[in-house]
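Before any comments, here is the structure.
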Amino acid sequence: MSHNKHGKSEHLVTIDVDRKGDGTHATASLRWHDVDLVGVGDAQLEDGERYPKRVGEELAVARALTHLTRQLFVTTAGDIESVTGESISIR
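Under my numbering, think of the first position of the sequence shown as 9, with each following residue one higher.
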């Protein structure tokens with residue numbers, strides 16, 4: 009994470025994709041303040057499907073980013089709950 013003089017911060021999401029045969033596994037990583045968040049996603053194309061291989065990669069990455077997003081929602085809810093003392097749900 010980096011900050012500039014205007015208070016803007018930048019965060020980098022790293023995405024790793026591993027394709028084996030017809031299966032694809034993706035990992036999306038984000039360092040958020042002092043917490044490492046990691047989302048994972050998998051995709052399996054069936055034998056004989058005519059889709060390009062990138063479809064499996066795109067689907068696995070989308071699932072990894074969705075998983076990462078859910079973790080950030082949980083982190084945010086925990087931060088709010090620690091201030092309010094009330095249980096909340098963020099969607």
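Just so it is clear, CB atoms sit at the ideal spot from N, CA and C, and this is done for glycine as well. Bear in mind the structure is a predicted one, so any value in this text is a computation, not a measurement.
Given a threshold of 16 other Cβ atoms within 10 Å of its Cβ, counted over all protein chains shown, does residue i qualify as buried or as exposed?
| i | result |
| --- | --- |
| arginine 58 | exposed |
| threonine 32 | buried |
Residue i to residue j, Cα distance in whole Å?
| i | j | result |
| --- | --- | --- |
| serine 95 | threonine 83 | 13 Å |
| valine 69 | leucine 38 | 14 Å |
| glycine 64 | threonine 74 | 15 Å |
| glycine 49 | arginine 62 | 14 Å |
With DSSP as the reference, label residue i as helix, strand or coil.
| i | result |
| --- | --- |
| lysine 16 | coil |
| leucine 38 | strand |
Can the beta-carbon of residue i be found closer than 7 Å to that of residue j?
| i | j | result |
| --- | --- | --- |
| aspartate 42 | threonine 35 | no |
| leucine 76 | glycine 47 | yes |
| aspartate 30 | leucine 67 | no |
Determine the closest residue to residue i out of the options, with distance taken between C-alpha atoms.
| i | options | result |
| --- | --- | --- |
| aspartate 44 | Leu80, Ser97, Glu89 | Leu80 |
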